[in-house]
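These notes concern the structure reproduced below.
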Amino acid sequence: MKRFLVVLVLFFLFAMPAGVVYAQGESGQGTGQAAAAQAVPAVDTGDTAWLIVATALVMLMTPGLAFFYGGMVGKKNVLGILMQCFTILCLVSVQWVLFGYSLSFGPGKGFWGGFEWLGLKGVGLAPYADYAATIPHQLFMAFQMMFAIITPALIIGAFAERMKFSAFVLFTILWATFVYDPVCHWVWGIGGWLRELGALDFAGGTVVHINAGIAAFMTAIFIGKRKGTNSHSILPHNLPFTILGTALLWFGWFGFNAGSSLGANGIAVNAFVVTNTAAATAGMTWALLDWIFNKKPTMLGMATGAVAGLVAITPAAGFVSAVSSILIGIFVSIFCYFAVAYIKPKFGYDDALDVFGVHCVGGIWGALATGLFASKAVNPAGADGLFFGNPKQFLIQLIATAVTVAYSFVASFIIYKVIDIVIKVRVKEKDEIVGLDLTQHHEKAYTILE
Amino acid sequence: MKLIIAIIQPDRLESVKQELYKEDVNLITVNEVLGHGRQMGVAEVYRGIKEMGNLLRKIRLEIAVNEDYVEKTIRAIIKGAQTGETGDGKIFVLDLVECVRIRTEERGGVAIG
Amino acid sequence: MKKIAVLIMVVIFVGCAFLVFGQDGREAVGQPHPAGQTRSLHGIDTGDTSWVLISTALVMFMTPGLAFFYGGMVGRKNVLGILMQCIVVLCVISIQWVLYGYSLSFGPARGFWGGLQWIGLKGVGFTPYADYAATIPHQLFMAFQMMFAIITPALIIGAFAERMKFSAFVVFTILWATFVYDPVCHWVWGAGGWLKELGAIDFAGGIVVHINAGIAALMTAIFIGKRNGGSKAILPHNLPFTILGTGLLWFGWFGFNAGSSLGANAVAVNAFVVTNTAGAAAGLSWALLDWIFNRKPTVLGTVTGAVGGLAAITPAAGYVSAFSAIIIGVLVSVFCYVAVSVIKPRFGYDDALDVFGVHCVGGIWGTLAAGLFASKAINPAGPDGLFFGNPKQFLIQAIAAAVTIAYSFAASFIIYKVIDIVMKVRVKEKDEIVGLDLTQHHENAYTILE
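Structure, rendered in structure tokens:
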């Protein structure tokens, strides 16, 4: 019953636009190609080479995230996490090509971008100067696709170990379409109102981290606690996987941040340096906090801190100096540590893998820090922040953050409720006990004997 | 002296432990094991090929107790592990011939507690 | 018997090494050659060069990725056997390629092999060789192709997993690379290769890599016999490793396909986008098939589908649009699903990790699909396919696929039989029961205590 429902919805969501598009498809490609023929000289091979690499790096972050999360859940649920990450990789790749890119980046002043790029019609191999003047337009599309993939993947950590797979698939499609695409358009798209307001978000603090973090918070509250969290805490089943995931994330994040300059230039190098610096500082800070409050520095803490640092520097990477990034890194660990170790137990929501505590809190701090530390000395195309004599920028960052938090929370909640009414979001209690691997996927991660 | 062996569901381990502590039974050995009874496991599928009746993960407890603790221990395990579903597990009680505490070389009942 | 294997290795390598060493001095004299000629390295584009350099590294990374993809699927007593075989292929072929493999494959000539003029990389310098790639150093092209030569024999490993003797494996790899990979590579890609002159298109190795390895895998699976334990499938011992391997393969495949344009240009971007799209569509498609026929979508199925999609898009990547990629991806999973879960059990060959079912079937479909969906609107340097008014291309593709299947099957069979007569290919039954890790390598993958 439910299975067919899901298949049906999937079919409609994908096939309808596909049908619309296919009619226009090849001719659209053709026109893009014709444009390419005229404007080819503008493509810079160095910039293009770097952006292709950066796109591949950001793609690797999603498997990296799968292992970062996968190591932290119980043995019986690890495949559930890996499967969800991989499904998003597949699902959003197709969604983005069919209609996601157009909704997000099509020039327009509305809720979404325009519909003119549905099915990549007109998104050819010539540069589109308003977004990136020296690389093929389709490469810009592919780069942004990887951001659209990792954002819903971040949310997984909140409802880990207890969400039904069919509900998850629906949630992802709807969330990508009704939350990610509009917010992305507002902040980055041509005609987006937050962009026109002057909000700065270099590589996705608002669009990716706050957006996903607050949706995670919402799902964690409404799906309820994991069974068993009352009697004991669920321990990470394989911490080396988490560390492996952290390393892959850190590696991929160079593409995420330094690639967001959309060229192999000075800004890219600045972003690279501050990304590394902030991650390192935040990792050290968290280890230190652990040492002070829990007597020993923990590996999981250090990895969490490093990821928080990477999150916080994301919106600021192209606008701040290395010294500022040290400050950003120190403070993000303090805030996130507080959120994870005090706020969460106090309020008792079961944000299983701390998506809210790390990504939302870290993202908010990063977005505000951009308004504090941004400097035209680093990036003349950016703005000055509060500490460089422009308090207005801080206010703009605050507004952009507040809007995203409010919209994402409400819209995610509506999507969540609709799905819950139609097919129930949470797995049956018995399935949760047996584990998602066996009940949702008929597989188990490890054999014990042979 | 008896040796109590119990096979239980992995997720019941925590509550069984709590029940045992309440009865002042603190010395247990725990293994992860595979097995199935009538329940016959859950179907698994690998690349479209079905594997039926596979072994499921279970937890095996071994507890050595003196006679006066036997019934208390059994009650505690049942209390912690019972859900009423198939697959809750089994308890075996065996006679124990000898017990030696390695540190002190004490033998018999004193060595157990 | 092991001595024989070692002897053959020594003879083959040292023989070649001597051959080459004699010329080495001359090569050193020959090397200033470019310097003598104006010393200008112009023609070399830094952007193109940096992209192909990275692509080469990405493709190299695929072999360890493949090791984990396969390693997770075997029993825990055989995982080191798989990892070892992949790493050994990486080492052996790297040397084989430099010594004589590159010359046999790419030396311009019209014979069975390419010419012998580039043995020991004599004359393969840093100036571009325009017939292959006009904007990057010739040696970079050589290194890029080397990674393809490495991963192709590594693919075959999956077929005879858990039961091949290591010494036999080493000999098989060297002979197979020399007598199967090198000639087929020459026919399809080498200057003067007859399939190339026939007009067969193979953008990044659907014929040369996937069909070639896949059919050799089928042959070995049939003749080495079933694993001990018969039809009962051996369950994957660590599925997260398989997912990790898939992530690394997908990441590396960007270098494989987008790098095959040999420059940071529009064709590379197109290849990148269609690679991602086809992988995603195929992953989704397999998950849906699982959902329909086995009631639950499985992780192993999804990643198998994704790899099938990546294999299928490989020959077509530079010639088709993103829409065609979706169709190619959706259908490849259908074909591979049938091959793996219907045909294999029906005929009862024990292709342990489905190399034939995924790579050969996927590669054949991709090669034919290139003949269907290729379009000059995407790549003016390529041909049109059947759907764009050129049925002849489809025929050429079918011929190229058939020739490769026939040749690779027959040649692999002869190599296999010769080795079997000389030193027995399969391990003793007792060794198989104990596991290859302990019997072939005297190591254990995991400790149980401590």
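Chains A, B and C supply the protein sequences, listed in that same order.
Per my numbering, the very first residue in the first sequence carries number -19; after that it's consecutive.
Per my numbering, the very first residue in the second sequence carries number 11; after that it's consecutive.
Per my numbering, the very first residue in the third sequence carries number -14; after that it's consecutive.
From the three backbone atoms N, C-alpha and C, an ideal C-beta is built for every residue, glycine too.
The structure presented is a predicted model; accordingly, all values stated were derived computationally and were not measured.
Nearest chain C C-beta to S82 (chain A) closer than 8 Å, yes or no?
-> no
Thinking C-alpha only, which one of C:N63, C:W350, C:D33 is nearest A430 (chain C)?
-> Of the candidates C:N63, C:W350, C:D33, C:N63 places its Cα closest to the Cα of A430 (chain C).
Straight-line Cα distance separating Q19 (chain B) from V43 (chain B) | 10 Å
With distances taken Cα to Cα, identify the nearest neighbour of G337 (chain A) among A:A321, A:G346, A:A147, A:L352.
-> A:A321
Whole-angstrom Cβ separation of S35 (chain C) and A29 (chain A), contact assumed at under 8 Å?
-> 5 Å
For the putative contact between K83 (chain B) and V120 (chain B), defined by C-beta atoms under 8 Å, what is the C-beta separation to the nearest angstrom?
-> In the sequence as displayed, the identity of residue 83 (chain B) is Thr instead of Lys. Actually they are not in contact, since the Cβ atoms of T83 (chain B) and V120 (chain B) sit about 18 Å apart, beyond 8 Å.
Burial state of K110 (chain A), where buried means 16 or more other Cβ atoms lie within 10 Å = What sits at residue 110 (chain A) in the sequence shown is Asp, not Lys. Exposed, by the Cβ-count rule.
Quick one: list the residues of chain A neighbouring L44 (chain B), beta-carbon separation under 7 Å, in chain order.
-> From the beta-carbon of L44 (chain B), the residues of chain A found nearer than 7 Å are I428, L429.
What's the gap between the Cα of V288 (chain C) and the Cα of I61 (chain A)?
-> Each residue's alpha carbon lies about 14 Å from the other.
Please name the residue in C:L338, C:Y166, C:Y392 whose C-alpha comes closest to that of R57 (chain B).
-> C:L338
Uninterrupted alpha helix (DSSP H) stretches inside the segment 289 to 366 of chain C (no shorter than 4 residues) = 307 to 323, 329 to 332, 346 to 358
Neighbourhood of S240 (chain A) by C-beta distance below 6 Å, restricted to the same chain and skipping five residues each side | F182, A183
Have a look at K276 (chain A) and G298 (chain A) and give me their C-alpha separation to the nearest angstrom.
-> 35 Å
Would you kindly report the start and end of the unbroken beta strand (DSSP E) that includes N41 (chain B)?
-> 39 to 45
According to a CB-to-CB cut-off of less than 8 Å, which residues of the segment 33 to 44 of chain C neighbour chain A?
-> D33, S35, W36, I39, L43
Kindly indicate which residue of C:W82, C:V193, C:T48 has the alpha-carbon position closest to the one of I390 (chain C).
-> C:V193
With D405 (chain C) as the anchor, note down where its alpha helix (DSSP H) starts and where it stops.
-> 376 to 408
Residues bridged to A118 (chain C) [DSSP beta-bridge criterion] | According to DSSP, A118 (chain C) bridges with C:Y114.
Which ranges would you report for the alpha helix (DSSP H) in the segment 27 to 89 of chain A if only whole runs of at least 4 residues count?
-> With a minimum length of 4 residues, the continuous alpha helix (DSSP H) runs that stay inside the segment 27 to 89 of chain A are 58 to 75, 81 to 85.
Taking Cβ positions only, does P216 (chain A) come closer than 8 Å to chain C?
-> no
Distance between G351 (chain A) and F373 (chain C) (C-alpha atoms, nearest Å) = F373 (chain C) and G351 (chain A) have their C-alpha atoms some 53 Å from each other.
Ignore the nearest five residues each way along the sequence and tell me which others in S25 (chain B)'s own chain have a CB closer than 6 Å to its CB.
-> G90
At a CB-CB cut-off below 8 Å, which residues of chain A make contact with E54 (chain B)?
-> L418, H422, E423, K424
In chain order, what residues of the segment 57 to 74 of chain A put their CB closer than 7 Å to some CB of chain C?
-> V58, L59, L62, M63, F66, T67, L69, C70, L71, S73, V74
For N370 (chain A), name the three-state secondary structure that DSSP assigns.
-> coil
Mapping DSSP to helix, strand and coil, what is M143 (chain A)?
-> strand
Residue(s) in a DSSP beta bridge with K100 (chain B) | B:I17
Under the three-state reduction of DSSP, which class applies to L71 (chain B): helix, strand or coil?
-> strand
Ignore the nearest five residues each way along the sequence and tell me which others in P168 (chain C)'s own chain have a CB closer than 7 Å to its CB.
-> Counting only Cβ-Cβ distances below 7 Å, and skipping sequence neighbours, we find F97, W98.
Helix, strand or coil for R61 (chain C), going by three-state DSSP, please let me know.
-> coil
When you compare each of A:M279, A:P216, A:I293, A:G171 to T257 (chain A) by their alpha carbons, which one comes out closest?
-> A:I293
Return the CA-CA distance between G90 (chain A) and G172 (chain A), expressed in angstroms with no decimal places.
-> One C-alpha to the other measures close to 8 Å.
Look at V385 (chain A) and I190 (chain A) and say whether their C-beta atoms are less than 8 Å apart.
-> Contact flag set, yes.
Classify L423 (chain C) as helix, strand or coil using the three-state DSSP reduction.
-> helix
Return the residues of the segment 276 to 292 of chain C that lie within a Cβ-Cβ distance of less than 9 Å from chain B, sorted by chain order.
-> F278, N279, R280, K281, T283, L285, G286, T289
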